[in-house]
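Here the structure comes first, spelled out in structure tokens, and everything after it is commentary.
Numbering (the numbering used here), first residue to last: -9 to 141.
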């Protein structure tokens, strides 16, 4: 160890510690996830479950011939959709192509939620997936840092 090693550590260590307290883009992610969770609980949990578990037998048509609300956790298929597709589904609503009725089984939220609130919900949903699922979904979403606007 040379004579400059210890003084160099004394100079560099405080700078590293102080830099750790500086706000970064990743600091906004937990706030966005927290906002998304709150919005999810208010608008989505009644159909998709408090923990994103969906409806029992979600992959089989109900008595009306409609597909029940799917889970948004790791057991569902939400993670297979790109951010822009998820934005569109939340904003414009969704009718499952195999439904026997014409009604939107997923209501549209574009007149209720802002673009940012929709993106926050999507960021929250991502916390319900496995690391492999998040990686797959990120590859499906080349614009994942900026989910597409519904307008």
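Beta carbons: idealized from backbone N, C-alpha and C, even for Gly.
Note that the structure is a prediction, hence the values are computed from the model and not measured.
Kindly indicate which three-state DSSP category residue i falls into: helix, strand or coil?
i           : result
residue 57  : coil
residue 119 : coil
residue 84  : strand
residue 48  : coil
residue 110 : helix
residue 103 : coil
residue 28  : helix
residue 62  : coil
residue 154 : Since the first and last residues shown for the chain are -9 and 141, residue 154 lies out of range.
residue 91  : coil
residue 74  : helix
residue 128 : helix
Compute the beta-carbon to beta-carbon distance between residue i and residue j, rounded to the nearest angstrom, for a pair I have assumed lies under 8 Å.
i          : j          : result
residue 39 : residue 61 : 7 Å
residue 58 : residue 68 : Their Cβ separation, rounded to whole angstroms, is 14 Å, which puts residue 58 and residue 68 out of contact at 8 Å.
Run the CB neighbour count on residue i, radius 10 Å, all protein chains shown included, and call it buried at 16 or more, exposed below.
i           : result
residue 26  : buried
residue 11  : At residue 11 the pLDDT is 42, less than 50, meaning the model places this residue with poor confidence; the figure from the coordinates comes in the next sentence. The residue in question, residue 11, is exposed, as its Cβ has fewer than 16 Cβ neighbours within 10 Å.
residue 121 : exposed
residue 127 : buried
residue 104 : exposed
residue 131 : buried
residue 63  : buried
residue 113 : buried
Whose C-alpha, out of the options, is nearest the C-alpha of residue i?
i           : options            : result
residue 79  : 108, 89, 93, 55    : 108
residue 98  : 69, 81, 110        : 81
residue 66  : 128, 129, 131, 115 : 115
residue 89  : 106, 111, 105, 51  : 51
residue 106 : 124, 128, 74       : 74
residue 24  : 125, 117, 129      : 117
residue 129 : 112, 72, 119       : 72
Would you list the residues sitting across from residue i in a DSSP beta bridge?
i          : result
residue 96 : 84
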